[in-house]
Every structure is written in C-alpha cells, then in structure tokens.
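Report on one structure; see the data block that follows.
And the structure:
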C-alpha cells in the first residue's frame, strides 16, 4: 500500500434496510468509520397487509448513498481509490423479479413482512402428501416452516398472479433475486454482463436452498414450481463476486454479502459456537451461532446459515427466532392511539408507571412468530384495573419485546442444551436503557450493548475484507466495550412475571378466525 493513502486501505459497506439504506466507509478490518451517507426508502401499501417497494428506488437510494459518502471521503482528503472492496448486507426475503435483457423490474419488490401470500400458503399446504397440511413438511430440507415470510412463497404468488412474470418465466428472460442479488447484478453491469449471484445466508431464507449441501434443491423447486432458469448462482459470504461497473467505485470488487441479521451476528463478533445476538429494530431477531452443527429445532425456531467464509470452507449455522413487533409497537402507540409523541419518549413515560398492577401487552398485530408461529393470534392487553393509566401501557409495550426475546432464548436453550451466558444486543431500541435493564431482568443473564451501533454494516465490511484478504478470514477484531446490564430481580419474581406473560399469550391465540 502506498504511503499517500491518507486513511490506509478502506472497505465500503452497502447496508440496504427496510426503511433506509446507507453506505458506510470503514478502515479495513476495523470498526472505525471514515465516512457514511444514509437515505430513507419509501414503502407502498397497495392493500391491507401488502407491503411493496420500487426496485428502482432501492437501487437509486443505494447509488446516491455511495456517491454522497465518496464525496464526504474526498472532502476529508481521502479518495475512492483507497476503497479496496465493497460488501453488501440487506433486508432478507424481500423478493424482486426483473427482465434479464432490459433490467426492468416485472413487479414491485414484495417486502419480507408482506402478508398477501397467506392464500398461497393455504394452496401449498393442500399439496402436502397424505393431506396432513403439515407446515414443517419441508423443514428437514430447507430449515424453514411454510410461512408467508419466505421468498419462494412470494415468487410463487408472483408467478400465479402477475402476467408479465408468467410470460418472462416461459421465455426464460425472468431473473429472480433477493435484494442483495438485485443490487449486485445492477452494480456489476446489469443487462451488460451483471453477475446474477446470491450468498448462502440470503439463499437460506428462500425455502428452495438445501440447508445441507447449500445448493438449489430439485424437490423444493418442484414443490414451489420455480423454474431453475430464474435463479441466481449461490456463492459463499466472502469471495469476489464481480467488479463494480461505472460510478465512483468503478472496478472495485464486491467481495462480501450477508443477510442483515447474519451481518449483525458477524459485526457483533459472535464467531464462536454458543454466542448469540439480538437486533432490536421494527421487529427483533435473535441469532445463536451453532457452529458446523445444523440444529433442527423442535420448538419453532429456524435453522439458517450464519455465514460461509470462502467457497472452500465449511458453513457456520445458526438458530434464529424472530419477533414480528418490537419497535413497531412504539409506532403503534404513537400513530394509532397517540399515547407517545415519539419513540424516544417511551423510556421517560414508562419509568413513571407505578408498580401496583401488572399490565401485560401482547402486540400480536398480525400473528405471533417464533416460537409460536400462530397467524391467528391478535393483540391483547391484560391485567387492566382502575389504577391503570397510559404509563402502564407504554411500559407493557416495552416489556413485551423483552418477554418475546425470553420466549426465543428459552427455546434455544432447550434445542441446544447449552444455556446462553451473555446476550449481545444492537439496534435502535438498545438506546433505551430501561428496555435493556428489563431484558436482563427477564432473561436472568447479562445483556451486553455494543458501543458501536452499525453492527450490520460492520459484518458486511468484514466479510468483504476477508474476501480479498483470505489470510485474515474469521479473525475477531478488537471492539470498544459497551454497556453491560445485569439482572436486578429475584428468580421468583422473574418466574412469576413470565408466567403472567404466558397467560396473556394464551388469551391472544385463535382470535382471527378467517
């Protein structure tokens, strides 16, 4: 490396989330941020329960973030030439289809939390042999239950319902991809030689990749009626996929890719078997590194690929549990029932709640995810008395997130037989000290909040660096320690409160009869 490089070698990370995208430029193999730019991303709601994004918007937001961050880097005296590699991390499961000759999307992206495919799931359950309608029928092959959440179900909806998709599939001009695939294809040339690839972590969320051999599975493709011609090539999470074509990063390799939750697992340095992290955003996602062992959960958790560092290495697996409503509960309190003016107010309001009365809020607005997987659940607030006021309800909404994480950790402990010693946490809600203390209290172990907030992007930057510097692959980097929260309540109190949560969950089930 020449001495002129003001910052030494740099790595760029594209972090394409559900509500915004950012491009962050790190010093190579470190958590030190040199420059970044973030831009909001619009969502569209054509019908109740439908959530879409314009694929061209996604691309435009990403390219704008790259352009602006590079301008900021140059303003600091750096240069785009200092960037030696780029990594991608993305909202998972969101499904995009486009024409490989024109590059034009054939439909809006169907976002991961879209529920339109409930009817598709019903149709697919009818095809399960012996009329069992067993939603875990495919789990031994792909690690996932049949759920509206995953990409193959969304792709099947598109092929059933959108003429342009049907025609392109017949002609062999249809490309399918999750958001990582769409970004990489476009940045590496699009219709002019763009690389149609995905990584093992994103592919493991489609329901059509075999969780053991990490290849598209013929039986799964047949079940979902997906033609092989639409599929990207599956690569490891850390290798050169192609080179950026045009723009300020022209010629720079894209050499790392992880789904966002796997990005946070790597960025939190959970690189050893038995380590786990929780990311608190709109939803909350808990991933537990199970090393080279695929744990087939009997308690409603998903088996997923954590990462694969290079095409010749063994993959690392994880167990995953997802909470549908975390930060989204605060959005509901703010926008639907006007109990708070902003999510930031929730801590101060909840701290005013007196101890008398135990209100429990189960925010099952569109069903419950892991470990219940009950689409028929709906929200309930239990334990209301004449002393209950808005402070109690705000506090109960915050506690609900912590209880749902406890549900998942209990299931993980039972599945793995190795109780977790410490939970690493990141994401927007972790800035709420009350939530973090309640989380430690309700799970009975220490909660370690990262001092560095961009864990997801850091994960993408690290795998991109390792993709061009194989000798450093998988080595943890030094991190500044954050804040540790230790449990402050007795085991008896913890068990009593958790029992009330379970009673409230029981009351939320079976509500939606359709």
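Residue numbers (this note's numbering): 7 to 520.
By construction, the Cβ of each residue, glycine as well, lies at the ideal position given by its N, Cα and C atoms.
Boundaries of the beta strand (DSSP E) in which residue i is found, first to last residue
| i | result |
| --- | --- |
| residue 44 | 39-46 |
| residue 96 | 89-96 |
| residue 326 | 322-329 |
| residue 490 | 489-491 |
| residue 452 | 452-455 |
| residue 161 | Element bounds for residue 161: not the beta strand (DSSP E) but the alpha helix (DSSP H), 157-167. |
| residue 180 | 180-183 |
| residue 239 | 239-241 |
| residue 33 | 26-33 |
Of the listed residues the options, nearest to residue i (C-alpha basis)
| i | options | result |
| --- | --- | --- |
| residue 196 | 265, 248, 100 | 248 |
| residue 294 | 431, 471, 155 | 431 |
| residue 356 | 428, 237, 404, 334 | 404 |
| residue 189 | 117, 64, 313, 205 | 64 |
| residue 20 | 105, 269, 219 | 269 |
| residue 394 | 372, 361, 411, 289 | 361 |
| residue 411 | 442, 161, 385, 390 | 442 |
| residue 299 | 516, 88, 422 | 422 |
| residue 153 | 428, 231, 380 | 380 |
| residue 271 | 463, 28, 40 | 463 |
| residue 28 | 46, 12, 399, 79 | 46 |
| residue 159 | 226, 173, 95, 474 | 226 |
| residue 338 | 371, 322, 326 | 371 |
| residue 237 | 281, 187, 267, 286 | 187 |
| residue 359 | 399, 30, 289, 470 | 399 |
| residue 332 | 291, 282, 466 | 291 |
| residue 98 | 205, 89, 199 | 205 |
| residue 175 | 494, 77, 233, 66 | 233 |
| residue 504 | 452, 406, 481 | 406 |
| residue 89 | 281, 156, 296, 33 | 33 |
| residue 301 | 344, 69, 283, 325 | 325 |
Rounded separation between residue i and residue j - CA only
| i | j | result |
| --- | --- | --- |
| residue 102 | residue 23 | 15 Å |
| residue 377 | residue 415 | 10 Å |
| residue 353 | residue 435 | 10 Å |
| residue 582 | residue 330 | With the chain covering 7 to 520 only, the question about residue 582 has no answer from this structure. |
| residue 402 | residue 164 | 39 Å |
| residue 364 | residue 387 | 10 Å |
| residue 17 | residue 122 | 38 Å |
| residue 433 | residue 140 | 34 Å |
| residue 10 | residue 83 | Note that residue 10 has pLDDT 49, beneath the 50 cutoff, so the model's placement of it is unreliable and the number below is only indicative. Each residue's alpha carbon lies about 10 Å from the other. |
| residue 261 | residue 138 | 44 Å |
| residue 210 | residue 218 | 10 Å |
| residue 38 | residue 222 | 37 Å |
| residue 148 | residue 79 | 42 Å |
| residue 522 | residue 106 | A query on residue 522 cannot be resolved here, the shown segment of the chain reaching from 7 to 520 and no further. |
| residue 306 | residue 417 | 8 Å |
| residue 276 | residue 425 | 15 Å |
| residue 235 | residue 182 | 9 Å |
| residue 169 | residue 151 | 28 Å |
| residue 501 | residue 413 | 12 Å |
| residue 274 | residue 483 | 10 Å |
| residue 453 | residue 490 | 6 Å |
| residue 256 | residue 15 | 16 Å |
| residue 200 | residue 26 | 24 Å |
| residue 184 | residue 157 | 8 Å |
Beta-carbon contacts of residue i that lie in its chain and below 7 Å, excluding the five residues immediately before and after
| i | result |
| --- | --- |
| residue 316 | 242, 244, 245, 476, 479 |
| residue 366 | 388, 389, 402, 506, 507, 510 |
| residue 108 | 197 |
| residue 523 | This structure leaves residue 523 out entirely; the chain is present only between 7 and 520. |
| residue 375 | 328, 329, 330 |
Identity of the residues DSSP links to residue i by a beta bridge
| i | result |
| --- | --- |
| residue 285 | 291, 432 |
| residue 313 | 322 |
| residue 425 | Per DSSP, none; premise fails for residue 425. |
| residue 13 | DSSP output for residue 13 lists no bridge partner at all. |
| residue 111 | 104 |
| residue 249 | 259 |
| residue 380 | 374 |
Contacting residues, own chain, Cβ-Cβ under 8 Å from residue i (five flanking each side not counted)
| i | result |
| --- | --- |
| residue 340 | 346, 347, 348, 349 |
| residue 58 | 49, 50, 51, 52, 114, 115, 116, 117, 120 |
| residue 229 | 130, 133, 144 |
Nonlocal neighbours in the same chain, by C-beta distance under 6 Å from residue i, ignoring five residues either side
| i | result |
| --- | --- |
| residue 486 | 457 |
| residue 239 | 203 |
| residue 253 | none |
Element boundaries [alpha helix (DSSP H), containing residue i]
| i | result |
| --- | --- |
| residue 229 | 224-230 |
| residue 407 | 396-422 |
| residue 334 | 333-341 |
| residue 368 | No alpha helix (DSSP H) holds residue 368; the beta strand (DSSP E) holding it covers 366-368. |
| residue 259 | Premise fails: residue 259 lies in the beta strand (DSSP E), 259-265, not in any alpha helix (DSSP H). |
| residue 86 | Premise fails: residue 86 is in no alpha helix (DSSP H) and is neither H nor E. |
| residue 148 | 145-148 |
9 Å Cβ cutoff, residue i in contact with chain D
| i | result |
| --- | --- |
| residue 488 | Considering every chain present, this structure includes no chain D. It has just one protein chain. |
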